[in-house]
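Chemist:
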Amino acid sequence: MSKKTNLLLQFFSSVKLTIVLLILIVLVFILASFLPQHRETAEVVKQLSPNAAKLFLFFGLADLYHSPLFYLLMVLLSFNLIICSLQRLPVSLKQYRASCFPEPSGLFENIPDNRVIFTDKEKAQASPILESCLREKYGNSKKSETERGLLFCAERGRFSIFGVYAVHLGILIMIAGAVAGSLFGFEADVNITEGESIDTVRIAHGKEIRKLDFSVRCDKFTVELYDNGAPKTYRSDLSFIRNNQVEYKGALLVNHPLTFADLRFYQMSYGVSPETKAIMTYSDDRQKSAEIALTQGDFFAIPQYNIHAHVLRVEENVMQMGPAVKLQISASGKDFPLWIFQQIDEIAAANPGLFSQVPVFNPGLFKPVVFSLKRLERQYFTGLHIVRDPGVPFVAAGGALMVAGLLIIFLLPHRRIWVKIQESGTKTAIIVAGRSNRHSAGLEKQIAGLRDLIRRKIPS
Amino acid sequence: MSHETIFSWVTFIYFASFVLYLFQVVLDKNFWGRTASLFARVGLAAHTLAIFWRWKASYDLGIGHVPLTNLYESLIFFAWTIILIYLIFEWRIKSRSAGVCVVPVAFLAMAYASIAPGISDKIEPLIPALQSNWLTSHVVTCFMGYAAFTVAFGCGIIYLVQDAIMGKTEKKTGISGRLPSLTLLDALIYQCATLGFIFLTIGIMTGSIWAHYAWGSYWSWDPKETWSLITWLIYAIMLHSQYVRGWHGKRMALFAFIGFASVLFTYLGVNYLPGLHSYLKS
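Protein sequences appear in the order of chains A and B. Per numbering that gives the first Met the number 0, the first sequence starts with residue 0, numbered consecutively. Per numbering that gives the first Met the number 0, the second sequence starts with residue 0, numbered consecutively.
Here's what the structure looks like:
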């Protein structure tokens, strides 16, 4: 290996570098959380002097999470993680394969006398009991005869050594998933008015327009409110149409996305479109028509009476008399304006003789046809967020691996317990000691527990 | 009597418990510590009861949901998790001295919930964004993490105090004798930080899964997300420096302090920054 690569390896394999990188990343995050990011940038830049604005944009301060600085830190961190892990792996493998015997040097040193169990039982009598104690607690036990006494060893959580690799691998997989998502995925926001459909979307953070190989129709959008006026449900009934065939129909709610083809659809926003729908009926002596939904500019006809109507205006409130529709009726070759009020019965009752004074308010002007306005419906549009993110499975798998690794490291630490039994004058001495790859508080407790168990089984 | 009345009683009980813990440190009597602990336990029992009561009350209103959905409810739950985790640790280590630093945090959370202006204690129906099965697991794991970090912070403060006293006298006498040993505190800080780290990791993960279903992106760089990651990284640095570089003692106590400041900013501070987690803006 050349000297240069060696230096580079050394640089990347240092845990100091990890800590420095993590601190730098923390600083970037703190800065980013206080500086306005992408959406509000334009306004901030406007307020800065031209030079300050240039500087602001040059350092990517406007979008730190997608800035070269942040990418560089992430790349360095990834290299650092990979090289650190690879360099440590042989050490861990050695630890994993390490035999219990000979015991680590200095293991039985500095153990105060009150922690040593003395018994009158002979070594040969006590040994099987010790072995059973270890088996009871750890399910395994090994034996070795040494010059200074008989040694037993039991251990737990040996694979915990590899937990740290699971965590680091998990993080790398998540980073890879995030990169895959940003390279091969896209996000788009689109508004669809009720009854209409779209088959192109504008990709977010760019000008590209993408044509889908299917179209999405919003059949209905519903807002439900609680009694206090807070929103309860936003719901879009969507149809996914390919080759003029509805392939899939579904209700889209917040927290319940729909998936079609390889895209996921989210309920993001909604609004009221400028067009208002008038729901009307007409009747003659015998029957009543079905409801017809009309917006400004629509035409409809009543063929049996040769009446053609053109919707001129749809108004929420005309002359303080409530919702009304202005129609242009063509009958017998002439055009007549006609106002249809929703509350015409009340208006007529409050103004006797209204229809003779203002015939254009009379819904039954064209006998025997009587028009009636049932209600106005505000037309909603639904705001969908459309996502394709092939990185998600990787991020999910990486996250799961990381949590599993953390649990293994912290909840199942690798612990080895040695028990030495030796003659000590007229008595037999039993000493318990242990080693752990983690903080020793838990180990001390286990050793104390084992000592208690032995004391109960082998009374002094 | 309503659950709000119980909450205000619980606030006073925690305050009393804090004062008693203080007595225990200053006066050398086991009696104070035992009484302080008893108060904290009674407070926790009443607290638990009142949370369930509020839960039931929301069902009586016909808008049943778990009481974890706005700033008021989260503060109440934060205080609950702090006392719960603290009492578990107190029982495990058989020492009551960290209470004087931990219990007041729970008291302050309760007091802040009831007196801060603009915090509504009304049971509100769930807006669509919060109607998710991930709500409970996300909030519970995050607050368990916050609470464990709070206990680590309490132990860290005691560590620094103990260290300052011991530095002068070299002997465990007076107040120092009634505080746990530096070794034990060091181990406790590590254990609490570890526990908090695991909970916070799971909390961020569940939040991320929820965001995937609700907003269409598992990560949006919302200030709360960013700050939870900052907190996570601070504790990650802490645990690494402990394990790899062998740092311990005072440095860990300082980390517990910085980490807790970051937890507080993640929880409350980011509400003053624009973002998606606006349910907490009371």
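Glycine included, C-beta positions come from ideal geometry on N, C-alpha and C.
1. Report yes if the C-beta of Leu199(B) is less than 7 Å from at least one heavy atom of the ligand GTP; otherwise report no.
2. From Pro273(A) to Leu372(A), what distance separates their C-alpha atoms?
3. So what's Trp79(B) in DSSP terms, helix, strand or just coil?
4. Using Cβ-Cβ distances below 8 Å, what residues of the stretch 222-242 of chain A are close to chain B?
5. Tell me which residue opens and which closes the alpha helix (DSSP H) that Thr47(B) is part of.
6. Closest to His81(A) by C-alpha separation, out of Ile407(A), Thr17(A), Leu262(A), Asn113(A), would be which residue?
7. Closer than 8 Å by beta-carbon distance: list the chain A residues that pair up with Gly32(B), in chain order.
8. Could you compute how far the alpha carbon of Ser216(B) sits from the alpha carbon of Gln341(A)?
9. Which residue from Phe370(A), Ser181(A), Ser143(A) puts its Cα closest to that of Ala277(A)?
10. Out of Thr199(A), Leu168(A), Ser140(A), Asn5(A), state which residue places its alpha-carbon closest to the alpha-carbon of His384(A).
11. I want to verify the contact list: residues of chain A whose CB lies under 9 Å from the CB of Ser73(B), in sequence order.
12. Could you tell me the alpha carbon to alpha carbon distance between Leu211(A) and Pro389(A), rounded to whole angstroms?
13. Thinking C-beta only, is Ile12(B) closer than 8 Å to Gly362(B)?
14. I need the DSSP call for Ala323(A), collapsed to helix, strand or coil.
15. Out of Leu187(B), Tyr85(B), Leu228(B), state which residue places its alpha-carbon closest to the alpha-carbon of Ser207(B).
16. Quick check: what's the CA-CA separation for Thr34(B) versus Leu19(B)?
17. Excluding the 5 residues preceding and the 5 following Arg134(A) in the sequence, name in chain order all residues of the same chain whose CB lies nearer than 8 Å to its CB.
18. Mapping the DSSP letters down to three states, classify Cys191(B) as helix, strand or coil.
19. So, at 7 Å on beta carbons, what are the nonlocal neighbours of Ile188(B) in its own chain, with the 5 sequence-adjacent residues on each side left out?
20. Under 8 Å: do the stretch 285-298 of chain A and the stretch 386-406 of chain A share three or more Cβ pairs, one atom per stretch?
21. As an exercise, report each continuous beta strand (DSSP E) stretch of at least 3 residues that is fully enclosed by the stretch 69-153 of chain A, in chain order.
22. For the beta strand (DSSP E) holding Met267(A), just list the boundary residues, first then last.
23. Using DSSP's beta-bridge definition, name the partner residues of Glu186(A).
24. Looking at the unbroken beta strand (DSSP E) that takes in Gln244(A), where does it start and where does it end?
25. Please check the pair Asp185(B) and His137(B), which I expect to be a contact at CB under 8 Å, by giving their CB distance rounded to whole angstroms.
26. Quick check: is the beta carbon of Tyr64(A) nearer than 8 Å to any beta carbon in chain B?
27. My understanding is that Ile84(B) touches Ala147(B), with C-beta atoms under 8 Å, so please give their C-beta distance in whole angstroms.
28. So, with DSSP's three-state summary, where would you put Gly433(A)?
29. Can you check whether the C-beta of Ser32(A) is within less than 8 Å of a C-beta belonging to chain B?
30. With a CB to CB cut of under 6 Å and the five nearest residues on each side skipped, what residues in its chain are close to Lys280(B)?
31. Closer than 9 Å, Cβ to any Cβ of chain A: which residues of the stretch 130-162 of chain B, in chain order?
32. With DSSP as the reference, label Trp417(A) as helix, strand or coil.
33. If you scan the stretch 166-241 of chain A from start to end, which runs of the beta strand (DSSP E) of 3 or more residues do you find wholly inside it?
34. Anything in chain A within Cβ reach of Ile197(B), meaning under 9 Å, just list it in chain order.
35. I believe Phe213(A) touches Ala260(A) by the beta-carbon criterion, under 8 Å. Please report the beta-carbon distance rounded to the nearest angstrom.
36. Excluding the 5 residues flanking Tyr281(A) on each side, which residues of the same chain have their C-beta closer than 6 Å to its C-beta?
Modeler: In terms of the structure at hand:
1. With respect to the ligand GTP, the structure shown offers nothing to examine, as it has no ligands at all.
2. Looking at the two C-alpha atoms, the distance is approximately 20 Å.
3. Here Trp79(B) sits in helix by DSSP.
4. Under the 8 Å Cβ criterion, the stretch 222-242 of chain A contributes Tyr225, Asn227, Ala229, Pro230, Lys231, Thr232, Tyr233.
5. Segment 29-59, the alpha helix (DSSP H) holding Thr47(B).
6. According to the sequence as given, residue 81(A) is Ile; it is not His. That would be Thr17(A), whose Cα lies nearest to the Cα of Ile81(A).
7. Residues of chain A passing the Cβ test: none, with the nearest at roughly 22 Å.
8. Straight-line measurement puts the Cα of Gln341(A) at about 46 Å from the Cα of Ser216(B).
9. That would be Phe370(A), whose Cα lies nearest to the Cα of Ala277(A).
10. Checking every option, the nearest Cα to that of His384(A) belongs to Thr199(A).
11. Near Ser73(B) there are no residues of chain A at all, since even the closest Cβ is about 18 Å away, more than 9 Å.
12. Here the alpha carbons of Pro389(A) and Leu211(A) stand approximately 17 Å from one another.
13. Coverage of chain B is limited to positions 0 through 281, which leaves residue 362(B) absent and any answer about it impossible.
14. Reduced to three states, the DSSP call for Ala323(A) is strand.
15. Closest option to Ser207(B), Cα to Cα, is Leu228(B).
16. Cα to Cα, the separation comes out at about 7 Å.
17. Within the same chain, Ser140, Ala153 come within 8 Å of Arg134(A) by CB-CB distance, once the 5 residues on both sides are set aside.
18. Correct three-state label for Cys191(B): helix.
19. Only Ala151, Cys154, Gly155, Tyr158, Met251, Ala252, Ala255 meet the Cβ criterion.
20. With contact defined as three or more Cβ pairs closer than 8 Å, the stretch 285-298 of chain A and the stretch 386-406 of chain A are not in contact.
21. Secondary structure in the stretch 69-153 of chain A: the beta strand (DSSP E) runs of 3 residues or longer, each lying completely within the stretch, are 116-118, 141-145 in chain order.
22. 262-282 is the extent of the beta strand (DSSP E) around Met267(A).
23. Within the DSSP bridge table, the entry for Glu186(A) names Val386(A) as partners.
24. Run containing Gln244(A): 244-252, per the beta strand (DSSP E) assignment.
25. Going by Cβ atoms, the distance from Asp185(B) to His137(B) rounds to 32 Å, so no, they are not a contact pair.
26. Tyr64(A) counts as touching chain B.
27. Sure, about 6 Å apart at Cβ, within 8 Å.
28. In the structure shown, Gly433(A) sits in a strand (DSSP, three-state: E or B).
29. Closer than 8 Å to some Cβ of chain B, the Cβ of Ser32(A) qualifies, so yes.
30. Low confidence applies here, because Lys280(B) scores a pLDDT of 48, under 50, leaving its location unreliable; read the following figure in that light. In its chain, beyond the 5 residues on either side, Asn270 have a beta carbon closer than 6 Å to the beta carbon of Lys280(B).
31. Within the stretch 130-162 of chain B, the qualifying residues are Gln130, Ser131, Asn132, Trp133.
32. Judged by DSSP in its simplified three-state form, Trp417(A) adopts strand.
33. The DSSP assignment places 185-192, 196-201, 208-224, 230-241 as complete runs of the beta strand (DSSP E) inside the stretch 166-241 of chain A, in order along the chain (cut-off: 3 residues).
34. Using a Cβ-Cβ cut-off of 9 Å, Ile197(B) is close to Val402, Leu405, Leu406, Phe409, Leu410 of chain A, given in chain order.
35. That pair is a contact at about 6 Å.
36. Apart from the 5 residues on each side of it in sequence, Tyr281(A) sits with its Cβ closer than 6 Å to the Cβ of Ser288, Val368, Phe370 in its chain, given in chain order.
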